[in-house]
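Enquirer: First the structure, which I've put down as structure tokens, then a few questions once you've had a look.
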Amino acid sequence: MKNISNSPEETLQLGKSLGGSLEAGDIILLFGDLGAGKTCFTQGVCHGLELDKNFYIRSPTFTLINEYPGRLPIYHIDLYRLDTLEEIYSLGLEEVLYSQGITIIEWAEKLRSSQKPEQLLLNIQDRIEINIKIISDSQREFTLNTFLPAPRSSPDFTLL
Ligand SMILES: Nc1ncnc2c1ncn2[C@@H]1O[C@H](COP(=O)(O)OP(=O)(O)OP(=O)(O)O)[C@@H](O)[C@H]1O
Ligand SMILES: [Mg+2]
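Written out as structure tokens, the structure reads:
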């Protein structure tokens, strides 16, 4: 499913729509270049998960993993600075990935193994993938792909 966002506000709305439809244990993988809008989208997802609007969400580039109290616990991870498998494995992500919270990962490109690009590290199977493409200064193309077990209804992904 594709959507065009024309502003950071629309990106927040798209994220909010997705956040409202997430279920315990969901994993969101965000792909896209520097400044694509991964953190902006994450803020919207957090609002959709009923995190207080005043909660400040910043890219956890230095802290690596942030936790926020939404209607479900939210774990926000940024893999930008991690390069080796050892570094990624040392985060202990299994604990959050297989928890009843929501895990949101920026720079999910780093989870693709170079030998087998169709496979993701840490044995991630069920997930929602969001690809963000920069079209212009203010436009972004969002593509959503879901890899979820059959009984699960599709997550929302619309401009409200
Ligand atoms: N349609 C849009 N959606 C989201 N952000 C936009 C849009 N148009 C312009 N922007 C700008 O793009 C930037 C997106 O920043 P953001 O921190 O969300 O990107 P990021 O993908 O998380 O980058 P990084 O890889 O550094 O973590 C902001 O400065 C924002 O104002
Ligand atoms: Mg970011």
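Numbering (the working numbering), first residue to last: 1308 to 1467.
Ideal Cβ positions, reconstructed from N, Cα and C, are used throughout, including at glycine.
As the structure is a prediction and not an experimental result, all values here were calculated from the model.
1. Give a yes or no on contact between the stretch 1349-1358 and the stretch 1407-1422, applying the rule of three or more CB pairs nearer than 8 angstroms.
2. Give me the Cβ distance between Leu1429 and Leu1404, rounded to the nearest whole Å; I'm assuming they're in contact under 8 angstroms.
3. Which value, in whole angstroms, describes the spacing of the CA atoms of Leu1356 and Gly1327?
4. Excluding sequence positions up to five away, which residues of its chain have a Cβ less than 7 angstroms from the Cβ of Lys1360?
5. Please state whether DSSP places Leu1337 in a helix, a strand or coil.
6. For ligand 4, any of its heavy atoms closer than 7 angstroms to the Cβ of Lys1345?
7. Would the stretch 1453-1463 and the stretch 1434-1442 be scored as touching if the rule is three or more Cβ pairs under 8 angstroms?
8. Give me, in chain order, the residues of the same chain whose beta-carbon lies closer than 7 angstroms to that of Ser1445; leave out the 5 immediate sequence neighbours on both sides.
9. Return the CA-CA distance between Leu1467 and Ile1335, expressed in angstroms with no decimal places.
10. Give the secondary structure of Lys1360 by DSSP, where H, G and I count as helix, E and B as strand, and everything else as coil.
Expert: According to the data block:
1. Touching, yes.
2. Here the question's residue 1429 lines up with position 122 in the sequence shown. Here the question's residue 1404 lines up with position 97 in the sequence shown. Rounded, the Cβ-Cβ distance is 6 angstroms, consistent with contact.
3. Within the sequence shown, residue 1356 is the residue found at index 49, counting from 1. Within the sequence shown, residue 1327 is the residue found at index 20, counting from 1. Per the coordinates, the alpha-carbon of Leu1356 lies some 6 angstroms from the alpha-carbon of Gly1327.
4. Here residue 1360 corresponds to residue number 53 of the sequence shown, with the count starting at 1. Take Lys1360, set aside five residues on each side of it, and the residues of its chain with a beta-carbon closer than 7 angstroms to its own are His1354, in chain order.
5. Position 30 of the sequence shown, counted from the first residue, corresponds to residue 1337. In this structure, Leu1337 counts as strand in the three-state DSSP scheme.
6. Here the bound small molecules are ligand 1 and ligand 2; ligand 4 is not part of this structure.
7. yes
8. For the purposes of this step, residue 1445 is taken as residue 138 along the sequence shown, with counting starting at 1. Answer for Ser1445: Asn1313 and Ser1314, listed in chain order.
9. For the purposes of this step, residue 1467 is taken as residue 160 along the sequence shown, with counting starting at 1. For the purposes of this step, residue 1335 is taken as residue 28 along the sequence shown, with counting starting at 1. Distance between the alpha carbons of Leu1467 and Ile1335: 20 angstroms.
10. Taking the sequence shown and counting its residues from 1, one reaches residue 1360 at position 53. In the structure shown, Lys1360 sits in coil (DSSP, three-state: anything other than H, G, I, E or B).
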